[in-house]
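Colleague:
Chains as they are written, first to last, in this note's numbering: chain A, 4 to 255; chain B, -1 to 262; chain C, 25 to 302.
1) Rounded to a whole number of angstroms, what is the C-alpha to C-alpha distance between residue 167 of chain B and residue 160 of chain B?
2) Go to residue 161 of chain A, then tell me how far its beta strand (DSSP E) extends in each direction, as first and last residue.
3) Could you check what DSSP says for residue 174 of chain A in three-state terms: helix, strand or coil?
4) Quick check on residue 135 of chain C: buried or exposed, where buried means 16 or more other Cβ atoms within 10 Å of its Cβ?
5) Going by DSSP, what residues sit across from residue 14 of chain A in a beta bridge?
6) Residue 208 of chain B lies in the alpha helix (DSSP H); which residues open and close that run?
7) Below 8 Å on the Cβ atoms is my contact criterion, and I expect residue 146 of chain C with residue 186 of chain C to pass it. Report the Cβ-Cβ distance as a whole number of Å.
8) Could you tell me which residues DSSP puts in a beta bridge with residue 136 of chain B?
9) Taking the straight line between their C-alpha atoms, what separation do you get for residue 179 of chain C and residue 149 of chain C?
10) Quick check on residue 43 of chain B - is its C-beta less than 8 Å from some C-beta in chain C?
11) With 8 Å set as the bound, which would you pick, yes or no: does the beta-carbon of residue 162 of chain B sit closer than that to a beta-carbon of chain C?
12) Using the Cα positions of residue 109 of chain C and residue 196 of chain B, report the straight-line distance between them to the nearest angstrom.
13) Could you check whether the region 31 to 41 of chain A touches the region 94 to 112 of chain A, counting it as contact only if at least three pairs of C-beta atoms, one from each stretch, sit closer than 8 Å?
14) When you compare the CB of residue 182 of chain C with every CB in chain A, is at least one pair closer than 8 Å?
15) Are the beta-carbon atoms of residue 209 of chain B and residue 244 of chain C separated by less than 8 Å?
16) Spatial neighbours of residue 159 of chain A within its chain, please: CB distance less than 6 Å, with the 5 preceding and 5 following residues excluded, ordered by chain position.
17) Distance check for residue 193 of chain B and residue 208 of chain A, CA to CA, integer angstroms please.
18) Using a beta-carbon distance below 8 Å, is residue 121 of chain A in contact with chain C?
19) Along chain C, in chain order, which residues have C-beta atoms closer than 7 Å to that of residue 114 of chain B?
20) Using the Cβ count rule (16 or more neighbours within 10 Å means buried), how would you classify residue 21 of chain B?
21) Does any residue of chain A bring its CB to less than 8 Å from the CB of residue 25 of chain C?
22) Taking the continuous beta strand (DSSP E) assigned at residue 195 of chain A, which residues delimit it?
23) Applying a beta-carbon distance threshold of less than 8 Å, which residues of chain A neighbour residue 4 of chain B?
24) Rank A:90, A:222, A:84, A:127 by C-alpha distance to the C-alpha of residue 106 of chain A and give the top, closest one.
25) How many Å lie between residue 301 of chain C and residue 138 of chain A at the Cα?
26) Just the Cα atoms here: how many angstroms apart are residue 293 of chain C and residue 70 of chain C?
27) List the residues of chain C whose Cβ lies closer than 9 Å to the Cβ of residue 104 of chain A, in chain order.
28) Can you grab the Cα-Cα spacing for the pair residue 30 of chain C / residue 141 of chain A, in whole Å?
29) May I ask which residues mark the beginning and end of the alpha helix (DSSP H) holding residue 101 of chain B?
30) Sorted by chain position, which residues of the same chain lie with C-beta nearer than 6 Å to residue 176 of chain C's C-beta, five sequence neighbours on each side aside?
31) To be precise: take each residue of the region 72 to 104 of chain C, compare its Cβ to all Cβ atoms of chain B, and keep it if any distance is under 9 Å. Which residues remain?
32) DSSP three-state label for residue 135 of chain A, please.
33) Leaving aside the five residues before and after residue 36 of chain B along the sequence, list all residues of the same chain whose C-beta is less than 7 Å from its C-beta, in chain order.
34) If residue 250 of chain C sits next to residue 258 of chain C, beta carbons under 8 Å apart, how far is it from one beta carbon to the other, in whole angstroms?
35) Beta carbon of residue 206 of chain A, beta carbon of residue 40 of chain A: below 8 Å?
36) Could you pull out every residue in the same chain whose Cβ sits closer than 6 Å to the Cβ of residue 76 of chain A, ignoring the five residues on either side in sequence?
Right, here's the structure in full:
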């Protein structure tokens, strides 16, 4: 089976304040299989969001390239959906307006796009909130809209950039369960970026860890062979957690 | 974040465009007047304005005062009114924000007077003060006080309620909370009013001087019209623009210093 | 499901307070009435005592009621209100119709910005009122010279706010459109414009208040109609009731203008309705 996404020796430099060159990523190579749930785990400031943005096509790598189905990615496209850490909802649009925006951009007819959007609103459990504006929603609900918006555009690959970083612990756990449920309902290739080790083990088929401090480098890759749905208290879960903690520089 | 210093080439095209744009502006202006496309009774060429500027530095005629005297008069009026606006507006706003009784009593009057453009006070001011400096100071003061009052009021209102509750649990009195917590936390908002108020003051200063003055930059503009000397009108406008920009810079520096002082 | 959705419920239940003399005296609305009534009383007594050259509130109101039917320079009170309002509406419409697009263009295109901004910055610090004299030189003392000043006055805040409105948009919002497969034109139509709308309205509000200052200044300098003319007429005839009445009418009409703008903003920006404003 050929991998869905291939990152070949990606390095990235940023220019900030017009004259400071920051080395963000160094020599990242990884492969993502079709319908795989891959988690990229790294501490803050390890360049993991940048990696995701490069895969999304929002940034270009300074060196190396990203391939999707064997073709090089040159820019953002409808085949990859991104869920943002800070939600990035259109505050001037209702929940329905936000979810249907991708379809609207592609000129899908109103009746059709309402139907599709409604399907995904229901899928993320926001039935009855279609006419609400983002500021009327709680953090968890906002991110549900973000997920529905990306899903409604029917991408092949979902990219999630620390989607639950701003939520409180309880809502976060709940949203992880929901993410798994949604993914099980409509399988897609998922790349999920997080700094939370429990979240990584709970969700991932495989976990890629990045080393702390810039520039971000690959550390290790772990398979997570546990059956779903997983339990945080399972012995294997805890053992794997211990192993990753011991091996990596993650400070929790 | 670790980084190395590098040199990045900035596209120079935007600077060139900006300079070209300014040169074209002045070039076209000079040309349309010199070539007679716009009659010289309506607009003066920049060169003529520059000549008049040099002349007016020393000569008082034909409008009765040198440029320096006009500018000094305007600055005096503006600064006096501005300082008075701070002295009255800030405490008023602070008290309105914290004391219900003050708010209840002052707010209706404030809200009634606020929508009246300060210029509309000119006839009353002429009744009251004649065309001397105090009539204009009054009008500029009316203009300048509004932002100070509103911002101080909002600033007090935006005080973090947790801080106030914290102070209450430590047994602070109302007055202590007001002076030790509300006022300091309102300061950034108050500084925010410095620029807004200044812009209002300067606009209304020109209006007041156009209508009721015998000296000042606004008066210079109006005299230019009466004497049919467009170069004097333009000179006055330029001076008003430069004066406004200069005071703006001074206030901006002041504001930054003050804000830096708070953060420390 | 629902347990996570409604995770914030705020109770707005006020405790019942016993009705005491102090709670009545301290009530905000009671104080408003006290303030308003004493304002009128003090005004009345100062005027009645012949101080400060004021007219009493009663005389002022009577004069305004009289003006509703009696014509002054060919127009009754409403005619003069319309004269001023018409100038504002025309001038403002031209100023906003040119200023808002210019500000948007400047923010969206670096070339337009590089060319226009230096010249715009030359004019920015110049108060619109300073244009009155040159406007009269150009257009005479008729309608166009007054409209011109209002155009200038409303133009500048419109440009500034449209420009700032685009510039403060979080660039990541554009990324949303890009990842969903949208192009640059769609970024502008689906993000730039709606996200800048509240800032545009802020510009319009400022423009309105500047426009009122401008129209009054223009009418005070030279005119034969309008609310500014009424107060200057009152001054020349030494009729303080005319001056004060004119000021009161100006305040009311200017207030209506700004309230109407807020109303339109609420209509066009429904997402702002739920957000409490100070």
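All residues carry an ideal CB built from backbone N, CA and C; glycine is no exception.
Everything numeric in this text was worked out from a predicted model, so none of it was measured.
Modeller: On the basis of the coordinates in this document:
1) 11 Å
2) 160 to 164
3) helix
4) exposed
5) A:66
6) 181 to 209
7) Going by Cβ atoms, the distance from residue 146 of chain C to residue 186 of chain C rounds to 19 Å, so no, they are not a contact pair.
8) According to DSSP, residue 136 of chain B bridges with nothing at all.
9) 13 Å
10) no
11) no
12) 27 Å
13) no
14) no
15) yes
16) 82
17) 57 Å
18) no
19) 271, 274, 275
20) exposed
21) Because residue 25 of chain C sits at a pLDDT of 34, beneath the cut-off of 50, its placement in the model cannot be relied upon, and the following sentence gives the value as read from the coordinates. Taking Cβ atoms only, chain A reaches closer than 8 Å to residue 25 of chain C, which makes this a yes.
22) 192 to 197
23) 18, 22, 23, 24
24) A:84
25) For residue 301 of chain C, the predicted structure reports a pLDDT of 41, less than 50, and the residue's modelled location is therefore unreliable. The matter cannot be settled from this model.
26) 46 Å
27) 200, 201, 204, 206, 214
28) With a pLDDT of only 41 at residue 30 of chain C, under the threshold of 50, the placement of this residue in the model should not be trusted; the figure read from the coordinates follows. Going from the Cα of residue 30 of chain C to the Cα of residue 141 of chain A covers about 8 Å.
29) 98 to 111
30) 152, 155
31) 76, 77, 78
32) coil
33) 30
34) Wrong, their Cβ atoms sit about 13 Å apart, outside the cutoff.
35) yes
36) 60, 69
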